[in-house]
Amino acid sequence: MGDKIKNLIKDALKNLDIEVADIALEHPADLKMGDYSTNIALVIAKDVKSNPKELAEKIVATLRQTVGEFPEIQEIQVAGAGFINFYLSRKFFARSVEEILNQGYNIGKNDVLTGKKIMIEYTDPNPFKPFHIGHLMTNAIGESVARILAHSGAEVSRVNYQGDVGLHVAKAIYGLLKNDKLQDKKWTRTLQAANIGRAYAKGSEACENNSEAKIEIDEINKKIYDKSDKKINEIYDWGFKTTMEAFEDLYKILGTKFDFYFLESQMAPIGERIVKDNLDKVIDAPHSKMIFEESDNAIVFKAEKYDPKLHTRVFITSKGLSTYETKELGLTEEKFKTKPGLNLSIIVTANEQMDYMKVVAKAISLINPEHEKKMFHITHGMMRFVGGKMSSRKENVITGESLLSDVRDLVLEKMTDREFGNEEREKISDDVAVSAIKYSILKQSTGGDIVYDFERSISFEGDSGPYLQYSHARANSILEKAQKENILPDPHAFGVEIFEVEKLLYKFGEVVLRASKEYEPHYIANYLIEVARAFNSFYGNNLIVSKEDKTSGYKVALTYAVTFVIKTGLHLLGIVAPKKM
RNA sequence: GCCCUUGUAGUUCAAUGGAUAGAACGAGGCUCUUCUAAGGCCUUGAUGUAGGUUCGAUUCCUACCAAGGGCACCA
């Protein structure tokens, strides 16, 4: 529709002997100001030496001569400083409702990424450490972006990258060795994993405050690498399996299914090979710059030579161990190998990793420019909470599991007066809890920090995930009633009134497209709230299912369209929309 | 010190260079013998400071102020 209006304006301008390169057409923020709006008169007024308002009137007069051929357009008006507003017709909205019914859950799809292979890495919790709400944040964003890109036609692979070796594992094993109770196998997988997380916190604390413990932890670390100690090997195998499986349990509830797992220990030798192949290699000869060079017995990359905003980072330590940066080189290569023909490799992390990711990216651009061009880093803000910084090294960490169960309890409390089977009740409480948490993360743009507020994140009112689910469930309940009363959806049985919710529904595809181009789920979250609000208002002011009402079939059709849009939109946020709640 | 984020109602967040800066929470009032009140309706309140570009700036540029993060062997 937008293109049609643009062409219409172009033709009108041509009639007035005005040529323009591009016409900005937008949806006014306020529905009273029309469905589409252009500022073209304001933009070109100066060039054609005219007053914007008069020019707008002139353009509108010309537009009106041809607009009769377009039954979708009801009215064109000049408003404000010289805006031209287009009001769409009753027929247009009815047609858009019909279109949504035809598309069903395919609504909002586009094909800008059709044929593209995209890999997206997110979540990345480390075995032996707690899965905390920071991981929940990365998971929510990554999963949502993955689904949005798939809705734009991309072939998406989900990837998880995890630190299976390193000091954190040694700390956890130290904590376990010092406290047998934390190794108890009689608990559920989830509780065992929580104990391992506790052991990590204890080991970490000991490492900071006790020099003997630090030496012991270093010993353990060596033994983990060379696998020389049977007892440690046993604990390692159990701890690795237990924490990894506990993560899987959580992914199931969260609605994530990874296609590939990469482990740091496996990436290290691949990265080391790349570093060694490029050691002292001179590139960009006139300036005799090198990629990797030796400095203080370590192998480093002096990125500031290429970009003054970057800095030097160590890739291989003086002890010969590869750092995160080197493993990242290996990981990048592995990703492209795993998925031949990969067009885009996305990584989602907190923004504290931004600067060194840039250094790594610079190194890759020198080694393999083709890969670097296909990489994209989505950074999100830090999850912080009232009362200080959260750290899994201390025990003031909120784990994903504990947060979920707290929210679930509140949901169950709220559901006591509704009738459900036990299994159904469990499933719905999971879905609503996940929705409360994910929505509180996804409703804001990904750049900034999130101040974590327990009360707020579990809110079921207003601007929340459960509000969206509730709106969807209510709509479904109406559809059930309509079915019982044998009122079929009929997109042609409309009356004169145009409901606000109709004016929102047809924009869904544009919102998905924008979210997909900018990797920003919050556009969808905000849009869905608007739709839900408009629907709830419609619901409150209209009797939808009614034998006496000749337009009831249309209202039912509209309600169907709302469920398709909300359910599909929630899916793109990684949230399930239950039929009842 | 240098680099990167971010500064919007009391609070948490929106606003593809546009019109009267939107929500939600909070506070106050109304609303369920019609389809789920986790709802609806009404009232209340904000662009860090100083310049610049522009017909028009929350948005772009510069400086300053404030918060957070990063800057060599942790990830």
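When we follow the numbering used here, the leftmost residue of the first sequence carries the number 2, and every step to the right adds one. Ideal Cβ positions, reconstructed from N, Cα and C, are used throughout, including at glycine. All values reported here derive from a predicted model rather than from experimental measurement.
Alpha carbon of residue i to alpha carbon of residue j, nearest angstrom
| i | j | result |
| --- | --- | --- |
| Gln470 | Ala195 | 31 Å |
| Phe321 | Ala299 | In the sequence as presented, Phe is not what sits at residue 321; that position holds Gly. Each residue's alpha carbon lies about 8 Å from the other. |
| Gly204 | Tyr175 | 6 Å |
| Tyr524 | Phe84 | 25 Å |
| Arg426 | Ser212 | 51 Å |
| Asn127 | Lys518 | 30 Å |
| Lys363 | Ala304 | 7 Å |
| Ile233 | Ile142 | 36 Å |
| Asp230 | Lys328 | 25 Å |
| Leu411 | Met383 | 26 Å |
| Tyr453 | Asp308 | 36 Å |
| Glu503 | Leu559 | 8 Å |
| Met416 | Gly331 | 49 Å |
| Val408 | Phe302 | 46 Å |
| Phe455 | Cys208 | 31 Å |
| Lys390 | Lys439 | Unreliable positioning characterises Lys390 in this predicted model, as indicated by a pLDDT of 45, which lies under 50. A coordinate reading is not provided. |
| Asn111 | Gly35 | 25 Å |
| Ala437 | Lys253 | 17 Å |
| Leu529 | Thr318 | 50 Å |
| Glu462 | Leu506 | 22 Å |
Beta-carbon spacing of residue i, residue j below 7 Å
| i | j | result |
| --- | --- | --- |
| Arg148 | Asp260 | no |
| Leu405 | Ala434 | yes |
| Tyr540 | Pro490 | no |
| Ala155 | Phe495 | no |
| Ala533 | Ser465 | no |
| Tyr520 | Val146 | yes |
| Ala225 | Phe129 | With the sequence shown as reference, residue 225 is identified as Ile, and Ala is not the correct amino acid for it. No. Outside cutoff. |
| Ile101 | Phe500 | no |
| Asn222 | Leu168 | yes |
| Val546 | Ala483 | yes |
| Val113 | Ser51 | no |
| Lys290 | Lys306 | yes |
| Val577 | Phe536 | no |
| Val557 | Ile451 | no |
| Leu343 | Lys7 | no |
| Asn423 | Ile368 | no |
| Thr257 | Glu144 | yes |
| Met1 | Lys340 | Within the shown structure, residues of the chain are numbered from 2 to 582, placing residue 1 beyond reach of any answer. |
| Thr400 | His133 | yes |
Outcome for residue i when other beta-carbon atoms lying within 10 angstroms are tallied against a minimum of 16
| i | result |
| --- | --- |
| Ile459 | buried |
| Met376 | buried |
| Pro467 | buried |
| Pro131 | buried |
| Met268 | buried |
| Glu55 | exposed |
| Val349 | buried |
| His493 | exposed |
| Thr124 | buried |
| Ser323 | buried |
| Val66 | For the sequence presented, residue 66 should be read as Gln rather than Val. Gln66 is exposed by the Cβ-count criterion. |
| Gly69 | exposed |
Neighbourhood of residue i by C-beta, 6 Å cutoff - its chain only, sequence neighbours within 5 removed
| i | result |
| --- | --- |
| Lys581 | Ala474 |
| Lys282 | Ile292 |
| Leu177 | Leu183, Gln184, Ala200 and Ile236 |
| Met358 | His378 |
| Ala57 | Ala42, Val79, Gly83 and Ile85 |
| Glu122 | Val160, Tyr162 and Ile348 |
Cutoff 7 Å; reference residue i; Cβ partners in own chain excluding five residues on either side
| i | result |
| --- | --- |
| Met151 | For the sequence presented, residue 151 should be read as Ala rather than Met. Excluding residues within five positions, the ones whose Cβ falls inside 7 Å are Val157. |
| Asp18 | none |
| Asn16 | Thr63 |
| Gly109 | His152, Phe509, Gly510, Val513 and Thr569 |
| His372 | Thr333, Phe337 and Ile365 |
Residue i beta carbon near the ligand GDP (any heavy atom closer than 6 Å)
| i | result |
| --- | --- |
| Ala474 | This structure does not include the ligand GDP; it has no bound ligands of any sort. |
Neighbourhood of residue i by C-beta, 8 Å cutoff - its chain only, sequence neighbours within 5 removed
| i | result |
| --- | --- |
| Val190 | As written in the sequence, residue 190 is Arg, which differs from the Val given in the question. So the qualifying residues of the chain are Thr243, Glu246, Ala247 and Asp250. |
| Asn352 | Thr380, His381, Gly382, Met383 and Gly448 |
Per the contact definition of three or more C-beta pairs closer than 8 Å, is the region 307-324 in contact with the region 117-137?
Pairwise C-beta distances place the region 117-137 out of contact with the region 307-324, as fewer than three of them are shorter than 8 Å.
Would you call the region 69-89 and the region 218-236 touching, i.e. three or more CB-CB distances under 8 Å?
With contact defined as three or more Cβ pairs closer than 8 Å, the region 69-89 and the region 218-236 are not in contact.
Pairs of beta-carbons, one from the region 66-77 and one from the region 88-106, closer than 8 Å: are there three or more?
Counting Cβ pairs under 8 Å, three or more are found: they touch.
Is the number of C-beta pairs between the region 502-511 and the region 442-453 that are closer than 8 Å three or more?
Output reads no: the region 442-453 does not touch the region 502-511.
Could you tell me whether the region 566-573 touches the region 513-532, where touching means 3 or more Cβ pairs closer than 8 Å?
Under the 8 Å Cβ criterion, the region 566-573 counts as touching the region 513-532, having at least three qualifying pairs.
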